[in-house]
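The numbering of the sequence shown is my numbering, which starts it at 4 and goes up by one. Step one of this worksheet: look at the structure below.
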Amino acid sequence: MCPTKGINTAGHLPTDTRLWPLKRYTEMHRRSLDDPEKFWAEEARKLDWYQTWERVLDWDPPYARWFVGGRLNASFQCADRHVKTWRKSKVAIYWEGEAGETRVLSYSTLFRAVNRFASVLKKLGVSKGDKVALYLPMVPELPVFMLACARIGAVHTVIFSGFSAQSIADRVNDIQAKVIVTADGGYRRGKIIPLKEITDEAVKLSPSVEKVIVVKRTGEKVPWTEGKDAWLSSLLDDAESLVTPEPMESNHPLYILYTSGTTGKPKGIVHSTGGYLVYNHSAYQWVFDIKEESVFWCTADVGWVTGHSSIVYAPLSHGAAIVLYEGAPDYPTLDRWWDIIEKYGVTIFYTSPTAVRMFMRSGEKWLQKHDLSSLELLGSVGEPINPEAWQWYYKHIGKEKCPIVDTWWQTETGGIMISPTPGIEAIPLKPGSATFPLPGIDASVVDTNGKELPTGQTGYLIIKKPWPGMLLDIYGNPGRYRRAYWSRYPNSYYTGDFAMRDEDGYFWLLGRADEVLNVAGHRIGTAELEDAAISHPAVAETAVASKPDEIKGEAIVLFVTLKEGELPSPTLKKEISQHLRKVIGPIATPDEIYFVESMPKTRSGKIMRRVLKAVASGQSLGDLTTLENEASVEEVKRAYEKLKGTKSTPKEA
Ligand code: WTA
Numbered sequence: 004m005c006p007t008k009g010i011n012t013a014g015h016l017p018t019d020t021r022l023w024p025l026k027r028y029t030e031m032h033r034r035s036l037d038d039p040e041k042f043w044a045e046e047a048r049k050l051d052w053y054q055t056w057e058r059v060l061d062w063d064p065p066y067a068r069w070f071v072g073g074r075l076n077a078s079f080q081c082a083d084r085h086v087k088t089w090r091k092s093k094v095a096i097y098w099e100g101e102a103g104e105t106r107v108l109s110y111s112t113l114f115r116a117v118n119r120f121a122s123v124l125k126k127l128g129v130s131k132g133d134k135v136a137l138y139l140p141m142v143p144e145l146p147v148f149m150l151a152c153a154r155i156g157a158v159h160t161v162i163f164s165g166f167s168a169q170s171i172a173d174r175v176n177d178i179q180a181k182v183i184v185t186a187d188g189g190y191r192r193g194k195i196i197p198l199k200e201i202t203d204e205a206v207k208l209s210p211s212v213e214k215v216i217v218v219k220r221t222g223e224k225v226p227w228t229e230g231k232d233a234w235l236s237s238l239l240d241d242a243e244s245l246v247t248p249e250p251m252e253s254n255h256p257l258y259i260l261y262t263s264g265t266t267g268k269p270k271g272i273v274h275s276t277g278g279y280l281v282y283n284h285s286a287y288q289w290v291f292d293i294k295e296e297s298v299f300w301c302t303a304d305v306g307w308v309t310g311h312s313s314i315v316y317a318p319l320s321h322g323a324a325i326v327l328y329e330g331a332p333d334y335p336t337l338d339r340w341w342d343i344i345e346k347y348g349v350t351i352f353y354t355s356p357t358a359v360r361m362f363m364r365s366g367e368k369w370l371q372k373h374d375l376s377s378l379e380l381l382g383s384v385g386e387p388i389n390p391e392a393w394q395w396y397y398k399h400i401g402k403e404k405c406p407i408v409d410t411w412w413q414t415e416t417g418g419i420m421i422s423p424t425p426g427i428e429a430i431p432l433k434p435g436s437a438t439f440p441l442p443g444i445d446a447s448v449v450d451t452n453g454k455e456l457p458t459g460q461t462g463y464l465i466i467k468k469p470w471p472g473m474l475l476d477i478y479g480n481p482g483r484y485r486r487a488y489w490s491r492y493p494n495s496y497y498t499g500d501f502a503m504r505d506e507d508g509y510f511w512l513l514g515r516a517d518e519v520l521n522v523a524g525h526r527i528g529t530a531e532l533e534d535a536a537i538s539h540p541a542v543a544e545t546a547v548a549s550k551p552d553e554i555k556g557e558a559i560v561l562f563v564t565l566k567e568g569e570l571p572s573p574t575l576k577k578e579i580s581q582h583l584r585k586v587i588g589p590i591a592t593p594d595e596i597y598f599v600e601s602m603p604k605t606r607s608g609k610i611m612r613r614v615l616k617a618v619a620s621g622q623s624l625g626d627l628t629t630l631e632n633e634a635s636v637e638e639v640k641r642a643y644e645k646l647k648g649t650k651s652t653p654k655e656a
């Protein structure tokens, strides 16, 4: 490895060539792959187990089962173990409401709340293995309910509060949830999102739901169904103050979280209890170098995997103090986040490239009023961070003294997989590279045949060994699990991402290789969008592509052909856009809708996505030599010219 070439020269870690070669990291990574079972058994001993495992790993591809026979409880790791120590009076959660209210939960308050919420669930008849859906805004009750479910062995599914009634119903029906927890509303940019009304609509489509628990947040009057709905506050009146945690077998599911794939239906990713917790506990230490006095703020929503692992399970299992912020980053003004960092003395700040780019665009003036000197470490997640945004983040937020950990991972991986690991050793950084795989992670960049590619060449990222955070399955669909992750490369996990290794061995993550878009760090499948758009009565056919977006990374572009007799108009465009928001949620809002006469297709009827992408992004078709068998070069060119000519933006008559 070359110590200086291509390395960031902004002034901090990167120019310090004494760091090379990487001794501790290299030794640990090698040791972890030479004897994974020994390595992970040592890591697992950092948690509290009721019963030790019989075997570290059962690997029956494509299923890995970790710490088989071991028993533990996730809420015990995140609450009970801390209240037995001085940490009982340590801050667990600093909550900041959008309007500026503060609630501070110590570990003992958290412990009490988790017990009482668990009692509420139990009294409603929820027991081990039952499914509970959580459709809540970013309030402390959300992590508390997650831990309460874990305490009694119920499996939670958190549904992002930006999703529509239909999206809730799809998820709830898939898992047959018994109980759904929501609120009387949530705040977003000063407005109230009517979560209870949306939940009611979903419940009409979800016969499995017996009870709707409502958290009071806004105090708004909400529609009420006697017998089915119950205020959390009234249920708490009868709650016990202690509920014994259920000792869960390591491979019992902790939660199911839905994410987009290449077909219309989102997949329910199932995570285990033991493997997931062990992996996240260790990865969090390696990546964030967490210290007792750290104040950790991850700005993701708890509704995504980043929130599950990096707001709830990993930090709380360490007894860390976290910040949980309810509202929008730019509300009421663009310095809201900087104000929060100053107010709580945040030391580790973890956010998305989209957010960094948004702040970069709004200029440094918003930073000037605030003292950000508490910051020690910055993180990035969810999408590739472009070097320009990286440099801005490093200079203006980190003041050139905070390393940036660019963390690559997925809902399926459970925890961070490729990232600098300052908790092991300072790794010289390169802006835009997530650097190296974590211990235990055997990552490789391969061609379509599975052959490892030489440095500098772009290929597919695969993981060649199971790791404890790996998903257990896709809920109710083992066939899809095999197909999506294990059919391309035998016994290796296919990530669906493009990657490249450079001459120093650094990994560069280059975006999705499948038909999944990444809009502002949120995964959304083109098929999911197409299924939703086609359900609009005027739409005959539809196809989705993306175009590069300066802030969001990618933006959605929808191509539509209309049914006979329907005329393109700006009103119809708005209607289709509204329809997508209604079916999926605001994250599905297209940036552009083009009405076209026909879709570019191959003779076998496959949509030529490359043509769509080129037209959507206003770019040329690029290199056509790697066309594979989509269609002939001439056909693709013809289709491209035709589509370019017919996309229309009509004026209202
Ligand atoms: C992308 C989010 C580049 C990637 C934790 C992956 C990234 C998808 C990075 C997973 C990163 C995530 N650099 N790309 N640091 N982190 N991605 O499931 O395409 O919401 O496959 O999990 O986000 O998105 P998901």
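No residue lacks a Cβ here, since even glycine has one placed at the ideal position from N, Cα and C. A quick note: this is a predicted structure, and the numbers were derived from the prediction, not measured.
In the displayed model, N176 falls within a helix according to three-state DSSP. With 16 or more other Cβ atoms from the protein chains shown falling within 10 Å of its own Cβ, W341 counts as buried.
Put simply, of T247, G222, V218 the residue whose alpha carbon is nearest the alpha carbon of S237 is V218. In this structure, the beta-carbon distance from A47 to F70 falls below 9 Å. In the DSSP assignment, R613 falls within the unbroken alpha helix (DSSP H) covering 612-619.
The residue among E455, T451, H85, M420 with its C-alpha nearest the C-alpha of T438 is M420.
L260 is bridged by DSSP to I272. Annotation: L113 to A82 spans about 7 Å, alpha carbon to alpha carbon. Per the coordinates, the alpha-carbon of G588 lies some 29 Å from the alpha-carbon of Y97. Contact annotation: the segment 462-469 touches the segment 492-502, with at least three C-beta pairs closer than 8 Å. With a 10 Å radius around the Cβ and a threshold of 16 neighbouring Cβ atoms, S313 comes out buried.
Straight across, the Cα-Cα distance linking E213 with A136 is about 12 Å. Around the beta carbon of L570, fewer than 16 other beta carbons lie within 10 angstroms, which makes this residue exposed. Q460 has its CB no nearer than 8 Å to any heavy atom of the ligand WTA.
Counted as a single uninterrupted DSSP element, the stretch harbouring I351 is not any alpha helix (DSSP H) but the beta strand (DSSP E) occupying residues 351-354. For G556, the uninterrupted beta strand (DSSP E) segment begins and ends at 556-565. Beta bridge pairing from DSSP links E595 with V560.
Per DSSP, reduced to three states, the secondary structure at C405 is coil, with no helix or strand assignment. A distance below 6 Å between beta-carbons, with the five flanking residues on each side excluded, links P603 to the following residues of its chain, in chain order: M611, V614, A642, L646. Placement of the Cβ of G514 at a distance of less than 8 Å from at least one heavy atom of the ligand WTA is found. DSSP places D338 outside both helix and strand once states are collapsed to three, so it counts as coil.
Closer than 8 Å to some heavy atom of the ligand WTA: that describes the Cβ of P387. In this structure, the CA atom of L198 is about 13 Å from the CA atom of V142. Taking the C-beta atoms as reference points, I579 is found nearer than 9 Å to A541. Not one heavy atom of the ligand WTA is found less than 8 Å from the C-beta of H274. Under DSSP, the beta-bridge partners assigned to D552 are G556. Inclusion of A205 and A157 in the CB contact set at 9 Å is not warranted, their separation being larger than that value. Sixteen is the threshold: when 16 or more other Cβ atoms of the shown chains lie within 10 Å of the Cβ of A95, as they do, the residue is buried.
Shortest gap from the CB of W470 to any heavy atom of the ligand WTA: 8 Å or more. For the ligand WTA, a non-hydrogen atom lies closer than 8 Å to the CB of R526. Of the candidates L145, V184, D133, S164, the residue whose Cα lies closest to the Cα of I178 is D133.
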